[in-house]
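K.L.:
Order-wise, the sequence lines are chains P and F. In the working numbering, each residue's number is its place in the first sequence (first place is 1) plus 62. In the working numbering, each residue's number is its place in the second sequence (first place is 1) plus 538. Even for Gly, the Cβ is constructed at its ideal location relative to N, Cα and C. Treat the numbers as computed from the prediction; the structure is a model and nothing was measured. Submitted below is the structure of interest, expressed as structure tokens.
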Amino acid sequence: MWQLADKTFDSRLLIGSALYPSPHIMQQAIRASGSAVVTVSLRRQQPSSAGGQAFWEGLKTLGLTLLPNTAGCHSARTAITTALMARELFGTHWIKLEVIGDDYNLQPDPFALLDAARELIAQGFEVFPYCTDDLVLCERLVEAGCRILMPWGAPIGTGRGLLNPYALRTLRARLPTTTLIVDAGIGAPSHAAQVMEMGFDGVLLNSAVALARDPVAMATAFRQAVSAGHLAHRAGLMAARDTASPSTPVVGTPFWHQS
Amino acid sequence: MINITINGEATLLADTSTLAQLLAQRGCGNSVVTAVNDTFVPRSRHSSHVLREGDRVELLSPMEGG
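Okay, here's the thing in structure tokens:
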């Protein structure tokens, strides 16, 4: 069990609800992931299409905690407005705050992100900022009142894993009491295990499961990887060494002669 | 009649229409939230919010997200 904001969960894997081949597979995959928290978004209503409604009805049956996002926002103002709309629509004060600064790699705008975070915290939100791994930005977000940070592993949807493990380790070391969740860029279960072995509190991913050939099986693989990585962190990894050291006892080695 | 845009599309609407009336015309239930001219308008104000010439209305509903 672990504490995420004002709730307690078993699973440390948070999962997205987008890009699945069908709403049915989405539901199956989310169940298989064991995730208790699922991200959602809000978009312009399409009266002529029942697809969005089918998605929403299906997701509600899972009974999970919702984490709405502000995906697509490019300014603090639009992100704040979207967050206010999400709070009413989904009935939660949790918000995954995304403010994009560059469309090429969907990199967060650190300045607008901080401005929006300050305002939303003042309005009673629990802000989960999607941020870069910049230490100073993360420290400013914590000073602004963020109890949770979600630094990227790599740009959204790239599946490239942890591009800067050093920066992530630094965040973990310098912000020991902040809930840290790596969000974005995870492509393989081994990436998720690496995040957890580093002592992060959780992993948020979407594409790696939704775009797998078999999303349900991949969701299971990620569930196990996150669990294994967290257990390994608690168990304490051995220190890496530069030189070999035999694991088999050398005492009594046969055919050994002192030269 | 007044000219407004709804989710980016130009629309003609009767004078003195409220946001609540617009939502009812479109058959919107509780799974739609609103903003007018980039400002959030909560449900508690839908009935009193009168739409005006040139307003930009956003009607949003739940969608998949990552």
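#1: Identify the residues that DSSP records as bridge partners of Val-579 of chain F: which are they?
#2: Are the beta-carbon atoms belonging to Ala-297 of chain P and Ala-254 of chain P less than 8 Å from one another?
#3: Which residues in chain F have a C-beta closer than 8 Å to the C-beta of Arg-105 of chain P? List them in chain order.
#4: Quick one: give me the first and last residue of the beta strand (DSSP E) that Gln-65 of chain P is part of.
#5: Mind checking which residues open and close the alpha helix (DSSP H) that includes Pro-251 of chain P?
#6: Would you identify the three-state DSSP class for Gln-169 of chain P, choosing helix, strand or coil?
#7: Let me make sure I understand the geometry here. Which of P:Gly-125, P:Phe-117, P:Leu-151 and P:Ile-157 has the alpha-carbon closest to that of Thr-132 of chain P?
#8: Let's test the definition: count the other Cβ atoms within 10 Å of the Cβ of Val-244 of chain P and tell me whether it reaches 16, buried, or not, exposed.
#9: My assumption, with CB atoms under 8 Å, is that Pro-170 of chain P sits in contact with Ile-162 of chain P. Please give the rounded CB distance.
#10: Drop a sphere of 10 angstroms on the beta-carbon of Thr-101 of chain P, count the other beta-carbons inside from all chains shown, and report buried for 16 or more, exposed for fewer.
#11: Ignore the nearest five residues each way along the sequence and tell me which others in Ala-80 of chain P's own chain have a CB closer than 7 Å to its CB.
#12: In three-state DSSP terms, what is Thr-556 of chain F?
#13: Per DSSP, which residues does Ala-548 of chain F bridge with? Please list them.
#14: Could you check which residue in P:Phe-284, P:Met-147 and P:Leu-211 has the C-alpha nearest to that of Leu-176 of chain P?
#15: Compare the C-beta of Glu-188 of chain P with all C-beta atoms of chain F and state if any pair is closer than 8 Å.
#16: Please list, in chain order, the chain F residues whose beta carbon lies closer than 9 Å to that of Ala-80 of chain P.
#17: Taking 8 Å as the cut-off, decide whether the C-beta atoms of Phe-578 of chain F and Leu-146 of chain P are in contact.
#18: Cα separation between Ala-562 of chain F and Phe-262 of chain P?
#19: When Cβ atoms are compared, which residues of the segment 281-299 of chain P fall closer than 7 Å to chain F?
#20: Can you find a CB in chain F that lies within less than 8 Å of the CB of Trp-118 of chain P?
#21: To test your reading of the DSSP string, which unbroken beta strand (DSSP E) runs of 3 or more residues are found completely within the segment 99-182 of chain P?
#22: What is the DSSP secondary structure of Cys-200 of chain P, reduced to helix, strand or coil?
#23: Can you list the residues of chain F that Val-102 of chain P reaches, using a CB-CB cut of under 8 Å?
#24: Rounded to the nearest angstrom, how far is the Cβ of Ala-216 of chain P from that of Ala-246 of chain P, given a contact under 8 Å?
#25: Could you check where the beta strand (DSSP E) with Tyr-82 of chain P kicks off and where it finishes?
P.N.:
On the basis of the coordinates in this document:
#1: Paired residues: F:Thr-572.
#2: Inclusion of Ala-297 of chain P and Ala-254 of chain P in the CB contact set at 8 Å is not warranted, their separation being larger than that value.
#3: What Arg-105 of chain P touches in chain F: Leu-598, Ser-599 and Met-601.
#4: Segment 64-66, the beta strand (DSSP E) holding Gln-65 of chain P.
#5: Looking at the DSSP string, the run of the alpha helix (DSSP H) that includes Pro-251 of chain P is 251-259.
#6: If DSSP states are grouped into helix, strand and coil, Gln-169 of chain P belongs with the strands.
#7: Considering only alpha carbons, the answer is P:Ile-157.
#8: Its Cβ being crowded by 16 or more others within 10 Å, Val-244 of chain P is buried.
#9: Confirmed, about 7 Å.
#10: Under this definition Thr-101 of chain P is a buried residue.
#11: Short of 7 Å from the beta carbon of Ala-80 of chain P, and not among the five residues preceding or following it, lie these beta carbons of its own chain, in chain order: Asn-268 and Ala-272.
#12: Correct three-state label for Thr-556 of chain F: strand.
#13: For Ala-548 of chain F, the beta-bridge partners assigned by DSSP are F:Thr-543.
#14: Selected option, being the one with the closest Cα: P:Leu-211.
#15: No, Glu-188 of chain P lies away from the interface with chain F (no Cβ there is under 8 Å from its Cβ).
#16: Within 9 Å Cβ-Cβ: Met-601, Glu-602, Gly-603 and Gly-604.
#17: Yes. Within cutoff.
#18: About 47 Å.
#19: If the cut-off is 7 Å between Cβ atoms, the segment 281-299 of chain P has nothing near chain F.
#20: Answer yes: the Cβ-Cβ gap between Trp-118 of chain P and chain F drops below 8 Å somewhere.
#21: Whole beta strand (DSSP E) segments, 3+ residues: 99-106, 127-130, 156-159 and 162-164.
#22: Helix at Cys-200 of chain P.
#23: Neighbours of Val-102 of chain P on chain F, chain order: Pro-600, Met-601, Glu-602 and Gly-603.
#24: The beta-carbon distance between Ala-216 of chain P and Ala-246 of chain P, rounded to whole angstroms, is 7 Å. This is short enough to meet the 8 Å contact definition.
#25: For Tyr-82 of chain P, no beta strand (DSSP E) segment is defined, and its DSSP state is neither H nor E.
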